[in-house]
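**Student:**
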Amino acid sequence: MNKKDFLRVADYSKEDIKEVFETAEKIKAKFKKGIKYSPLAGKTLGMIFQKSSTRTRVSFEVGMYQLGGYPLFLSANDLQLKRGETIGDTAQVLSRMVDAIMIRTYAHSEIEELAKHSSVPVINGLTDLHHPCQIMADMFTILEHRKSLKGLTIAWIGDGNNVLNSWIEAAPMAGMNLKMAVPKGYEPDKNILDYGINLAKKERTGMLLTNDPIEAAENADIIYTDVWTSMGQEADKEKRLRDFHGFQINSELLKHASKDVLVMHCLPAHRGEEITDEVMDGPNSIVFDEAENRLHAQKAILVLHMLRGKKIKI
Ligand code: CP
Ligand code: NVA
398 MNKKDFLRVA
408 DYSKEDIKEV
418 FETAEKIKAK
428 FKKGIKYSPL
438 AGKTLGMIFQ
448 KSSTRTRVSF
458 EVGMYQLGGY
468 PLFLSANDLQ
478 LKRGETIGDT
488 AQVLSRMVDA
498 IMIRTYAHSE
508 IEELAKHSSV
518 PVINGLTDLH
528 HPCQIMADMF
538 TILEHRKSLK
548 GLTIAWIGDG
558 NNVLNSWIEA
568 APMAGMNLKM
578 AVPKGYEPDK
588 NILDYGINLA
598 KKERTGMLLT
608 NDPIEAAENA
618 DIIYTDVWTS
628 MGQEADKEKR
638 LRDFHGFQIN
648 SELLKHASKD
658 VLVMHCLPAH
668 RGEEITDEVM
678 DGPNSIVFDE
688 AENRLHAQKA
698 ILVLHMLRGK
708 KIKI
């Protein structure tokens, strides 16, 4: 891996993605055997959170600790950022003290600005536009349940949000077909969609956008959903609840998918809204494997970015 930053899936080549999977597999196997692996001893990760988090915070924090390094949790409320210090200045200061920065924030332009002024790697822990670490963990999880990603069809049922945007960039590179069902007015980002459609053409994979959840779910190998109201959109919650009527993942919808369909959700779930308890706790659900793999996939991402240009032994 020779990339400094990981701001969006499109930053990675197919080879980079493969390297993340291979590294994650080795690191996870070592960890499961209880073998200590501390390649990041003496290194520090600054973690800036402008939004809430359970999985991202815990997986990066525990992951750094398990790799022998030190995770520094920086709540945006307590940083001088909140009082008007620029992102550029923050990046320059942190670059002199930490070895990498992970940030969860609102506008994607903020992480781009941070990366521009930072001399250490910057990793995206979610912006309004992308959630790339989530999708790396998701693809790694699918690979553990299926031999290959190539040719699989993933159906996205729900909002055209950050997680879907990252899937749009990832699916064609992984050789996967992507069928998206979103209500009218909740389409994914236009530029990212255009990018994905072109990439899908080049890679000869399928990409379909519809307003019909059944059309998307038909024969799908994976059904994926996310909350209908993402962080920062709380004011629209009631309208969204009405507009997403019919977009719930329930056992009726599952009947249209392949018999052994994998059900995924990046979590946190709003049970009873976008997904029923029956499906989330049912035999097709792999949502907790998916959550666990945030830890293993991100440990690979941390090692590959923080030790880029060095020989990595696992
Ligand atoms: N999936 C995910 O990013 O979860 P958190 O918001 O809890 O970090
Ligand atoms: N789309 C959701 C993902 C949470 C992990 C959000 O942005 O809130």
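If you count the sequence shown from 1, you need to add 397 to reach the working numbering. Just so you know, even glycine gets a beta-carbon here, dropped at the ideal spot from N, CA and C.
Are the beta-carbon atoms belonging to Met398 and Asp413 less than 8 Å from one another?
**Tutor:** Taking a C-beta distance under 8 Å as the contact criterion, Met398 and Asp413 qualify as a contact pair.
**Student:** Based on DSSP bridge pairs, tell me the residues matched to Val660.
**Tutor:** DSSP lists Ile620 and Ser682 as partners of Val660.
**Student:** For His505 versus Thr524, is the C-beta spacing smaller than 8 Å?
**Tutor:** yes
**Student:** What does the alpha-carbon distance come out to for the pair His662 and Ser627?
**Tutor:** 13 Å
**Student:** May I ask which residues mark the beginning and end of the beta strand (DSSP E) holding Phe428?
**Tutor:** Careful: Phe428 lies outside any beta strand (DSSP E), inside the alpha helix (DSSP H) at Lys411 to Lys429.
**Student:** Would the beta-carbon of Thr538 be found less than 7 Å away from any heavy atom of the ligand CP?
**Tutor:** no
**Student:** Counting pairs of Cβ atoms below 8 Å between the segment 653 to 662 and the segment 589 to 602, do you hit three or more?
**Tutor:** no
**Student:** Between which two residues does the beta strand (DSSP E) carrying Phe342 extend?
**Tutor:** Lying before the first or after the last residue shown, residue 342 is absent from the chain, which here runs from 398 to 711.
**Student:** Spatial neighbours of Asn449 within its chain, please: CB distance less than 7 Å, with the 5 preceding and 5 following residues excluded, ordered by chain position.
**Tutor:** Looking at the sequence shown, residue 449 is not Asn but Ser. These residues qualify, in order along the chain: Met628.
**Student:** Just checking Pro665 against the ligand CP - is the residue's beta carbon closer than 7 Å to any of the ligand's heavy atoms?
**Tutor:** yes
**Student:** Considering Lys576, what are the terminal residues of the beta strand (DSSP E) in which it resides?
**Tutor:** Asn574 to Ala578
**Student:** Under 8 Å between the Cβ atoms of Pro580 and Asp640?
**Tutor:** yes
**Student:** May I have the straight-line CA-CA distance separating Ile619 from Gln695, to the nearest angstrom?
**Tutor:** 22 Å
**Student:** With a cut-off of 8 Å, does the C-beta of Leu651 fall near any C-beta of chain B?
**Tutor:** The chain inventory of the structure shown lacks chain B, comprising one protein chain alone.
**Student:** Whole-angstrom Cβ separation of Ile698 and Met444, contact assumed at under 8 Å?
**Tutor:** The pair is not a contact, with the Cβ atoms about 13 Å apart (cut-off 8 Å).
**Student:** When the Cα atoms are used, what is the spatial distance from Gln489 to Thr453?
**Tutor:** 24 Å
**Student:** Can you give me the start and stop residues for the alpha helix (DSSP H) that His625 sits inside?
**Tutor:** Note on residue identity: the sequence assigns Trp, not His, to residue 625. Judged by DSSP secondary structure, Trp625 falls outside any alpha helix (DSSP H); it is assigned neither H nor E.
**Student:** Less than 7 Å between the CB of Ser627 and some heavy atom of the ligand ZN, yes or no?
**Tutor:** Absent from the structure shown: the ligand ZN. Ligands present: the ligand CP and the ligand NVA.
**Student:** Quick check on Met444: does DSSP put it in helix, strand or coil?
**Tutor:** strand
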